[in-house]
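*Asks:* Please read through the structure below; I'll follow up with questions.
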Amino acid sequence: MRVIRRHPFMKLAALLLAIVFWVVVIASDPSLLIEKTFTDAVVTVQGLETLRSRGYTVMRDLENEVITVRFRAEVTQGNYDRATASSFLPRLDLSQIMEPGKQRVYFTAGSSLYGEVVSFEPAYLELEVEPYTSRSRVPVVTVQTGENEEGLWLASVSTDPSSVTVSGPKSLVDDVRRAAVTIPLDGLSSERLYDSLSSVIELQDAQGNAIVSPLLRITNESITVDSVRVDVHVYPTKQVPVSVESAVTGVPAHGYTLGEVRVTPQTVLVAGDAEVLAGLDVLHVASPLDVSGQSVSQLGSSALSDVETLVYRAAEDVIIEAQIVQAEHVHTYQDLEITVMNLDPSLTAKLSRSSMSAVLSGQYEDVEGLTADDIHLYVDAQGLGEGVYMADVLCRVDGTQAYTFTPESAQVTLTLSAAP
């Protein structure tokens, strides 16, 4: 002891020797516990089906979400290097949840030969819990999209299945009204009159808005599905004109005639076998509009005549408009006297002919009933002096100006001489 006190160097050497001895002892003890920290450890989520069996679910997609946590564990010295995060089975057990609302679910770890977990960071995950519910017999409806260049008509559409079951959080399931699937019309062809398609399901609310959530599960007979089979039957189509000639029957009142006839629509889209459409050029009305004895325009409607071989017709009835107009009356008058009007008193007139025939035409009410006494043919000598002239034959009709006059000859020779 005196030697050590007198020699500090020996004292320091003894201390170092003790430390080395302690380290050797520690290192040689494999059962000694040492703390080890694990970061970004992947957590296993369990108990979701148990939670659902209680009628609850979480508002988070924990089945597909990767959850990581940081934790500290005491491991034996001998297993320090071999111990990994997965050795401690970090997990989130949802079976801890017993009621809806915001719930704290604490991270736990399984037993491990390497040691035990001391703490998690964070210690828990806060989750929103809702009642878990199912809605059965949600109808599958079809929605047509795009345009078909061939103009095909869908004769029948069916889906398999025709309804599905939707399960998930109550707030989401309550909004589901239908399961919509699309029929892309541009994908249909006349080469496949019977076709089957696979179409992805889109859940919709009452307004037709899409409801998209990984928390919703769609099943058919307890089997999860995300699409349905759509079977379609299509026919070719053709625009066929409606016969105007068959739309009207009868003869209007005396003095009137049938004018323009219009049918609405003028053409109708029909569907059927290609052979049937190839031989169909016109559609006829079943009950023509009767204009017998009518003096004013008529308006009516009629069904189209049946064509049994057609499977579809875009219109079943047409509107018929028939214009009734006054008939044009044409009459020829013979030996009408030609007079000279506006003759200078100092002159005498001589015509190459004193009478001729003429044709008058016009609407029935304007010219019907005219006699030769109502028709006056004349030449106008206004301002003319002595000489020989080719004078136009003019016409005046008593009581009307609505007529067309066609004389036998457009001109006559007019000779003007000094009066004796």
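Residue numbers (this note's numbering): 48 to 467.
Glycine is no exception: its CB is placed at the ideal position from the N, C-alpha and C atoms.
Provide the residue span of the alpha helix (DSSP H) that contains LEU95, from first to last.
*Replies:* Segment 95 to 100, the alpha helix (DSSP H) holding LEU95.
*Asks:* Taking contact to mean 3 or more Cβ pairs, one atom from each stretch, closer than 8 Å, check whether the stretch 310 to 326 and the stretch 280 to 291 are in contact.
*Replies:* With the cut-off at 8 Å, the stretch 310 to 326 and the stretch 280 to 291 touch.
*Asks:* Quick one: measure Cβ to Cβ for ASP421 and GLY446, integer angstroms, because I've assumed they're closer than 8 Å.
*Replies:* 7 Å between Cβ atoms; contact.
*Asks:* So, is SER269 buried or exposed, given that buried needs 16 or more other C-beta atoms within 10 angstroms?
*Replies:* Burial call: exposed.
*Asks:* Using the three-state DSSP reduction, which class does VAL70 fall into: helix, strand or coil?
*Replies:* Caution applies to VAL70, whose pLDDT of 46 falls short of 50 and renders its modelled position unreliable; the model cannot decide the point.
*Asks:* Leaving out the 5 sequence neighbours to the left and right, which residues in its chain are closer than 6 Å to THR91 when beta-carbon positions are compared?
*Replies:* For THR91, where only same-chain residues beyond five positions count, the Cβ hits under 6 Å are ARG138.
*Asks:* Spatial neighbours of GLY148 within its chain, please: C-beta separation below 7 Å, excluding the five flanking residues on both sides.
*Replies:* Excluding residues within five positions, the ones whose Cβ falls inside 7 Å are VAL176.
*Asks:* Tell me the rounded alpha-carbon separation between PRO299 and GLN410.
*Replies:* Roughly 15 Å separates the two Cα atoms.
*Asks:* For GLU196, which residues in the same chain have their Cβ closer than 8 Å to its Cβ, ignoring the five residues on either side in sequence?
*Replies:* Result list for GLU196: ASP233, in chain order.
*Asks:* Please classify ALA405 as buried or exposed, where buried requires at least 16 other C-beta atoms within 10 Å of its C-beta.
*Replies:* It is buried - the Cβ of ALA405 has at least 16 other Cβ atoms within 10 Å.
*Asks:* Do the CB positions of THR212 and THR266 come within less than 8 Å of each other?
*Replies:* Their beta carbons are under 8 Å apart, which means THR212 touches THR266 by this criterion.
*Asks:* Tell me, to the nearest whole angstrom, how far the beta carbon of VAL414 is from that of LEU424; I am working on the premise that it is less than 8 Å.
*Replies:* Actually they are not in contact, since the Cβ atoms of VAL414 and LEU424 sit about 16 Å apart, beyond 8 Å.
*Asks:* If distances are taken between C-alpha atoms only, which option among GLN429, ARG117, SER100 and GLY162 comes closest to GLY125?
*Replies:* Of the candidates GLN429, ARG117, SER100 and GLY162, the one whose C-alpha sits nearest the C-alpha of GLY125 is GLY162.
*Asks:* Output yes or no for whether 8 Å exceeds the beta carbon distance between VAL440 and SER464.
*Replies:* No; because the gap between Cβ atoms is not below 8 Å, this pair is not in contact.
*Asks:* Give, in chain order, every unbroken run of the beta strand (DSSP E) that is at least 3 residues long and sits entirely within the stretch 268 to 354.
*Replies:* Entirely contained in the stretch 268 to 354, the beta strand (DSSP E) runs reaching 3 residues are, in chain order, 274 to 282, 284 to 288, 303 to 311, 314 to 319 and 345 to 350.
*Asks:* Which of helix, strand or coil does DSSP assign to GLU412?
*Replies:* Helix at GLU412.
*Asks:* Report the three-state DSSP secondary structure of LEU44 (helix, strand or coil).
*Replies:* With the chain running from 48 to 467 in the structure shown, residue 44 is simply not present.
*Asks:* With C-beta atoms as the reference, is GLU307 less than 8 Å away from GLN370?
*Replies:* Result yes, Cβ atoms of GLU307 and GLN370 sit closer than 8 Å.
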